[in-house]
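For reference, the structure is listed below as structure tokens.
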Amino acid sequence: MKRLNSKSGCAVEVTLSVMGGTWKPVILFHLLPGKKRFSELSRTIGGITQRMLTLQLRELEDAGIVLRTVHAEVPPRVDYELTELGHSLQPVLIAMRNWGVQYARRHDAAGGRHDDACAAAMPSDAADSKQKVA
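In this text, residue positions in the sequence shown follow this note's numbering: the first is 183, and each later residue adds one.
Here it is, written out as structure tokens:
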């Protein structure tokens with residue numbers, strides 16, 4: 183697990199040490215609605231290699247954010263889901279998504295595309311917060 187002591191004394195640094203980077207917030211966002219298999223995550227998250235997805239999931243599992251369940255089947259089936267601690271990141275992830283949509287609308291003609299890419303992954307109880315911000 184990464185070191186949690188922040189150099190700056192700012193708790194934002196601790197948060198970023200656990201869930202920061204390019205892929206972790208995206209992975210977490212796509213796990214908000216519920217369990218997903220590795221192949222589902224890989225298909226849903228465009229541009230991520232299998233190796234990177236594996237590494238990021240392992241780090242999130244080590245941090246206690248993601249739960250990995252291996253089912254004794256042939257072929258083996260592995261599910262990933264958010265832990266209770268992982269679900270506590272939902273407001274942060276929804277806020278990041280909403281901010282990104284607003285930013286894209288102001289600065290990029292592709293704003294709608296970004297919104298559509300996340301809409302399928304958004305949990306149903308987050309739809310209310312989307313409408314408030316959008």
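Where a beta carbon is used, it is the ideal one built from N, C-alpha and C, also for glycine.
| said: Under 7 Å: does the beta carbon of Glu-255 sit that close to some heavy atom of the ligand SAM? | reply: The model depicted lacks the ligand SAM and carries no ligand whatsoever.
| Where do the ends of the beta strand (DSSP E) carrying Leu-249 lie? | 248–253
| task | Count the CB pairs spanning the region 263–276 and the region 221–237 that are closer than 8 Å, and state whether there are at least three. | result | no
| field | Host alpha helix (DSSP H) of Asp-261 (start-end) | value | Following the DSSP letters along the chain, one finds Asp-261 in no alpha helix (DSSP H) but inside the beta strand (DSSP E) bounded by residues 259–264.
| message | Please report the straight-line C-alpha distance between Gly-203 and Ala-245, rounded to a whole angstrom. | response | For Gly-203 and Ala-245, the gap between their C-alpha atoms comes out near 14 Å.
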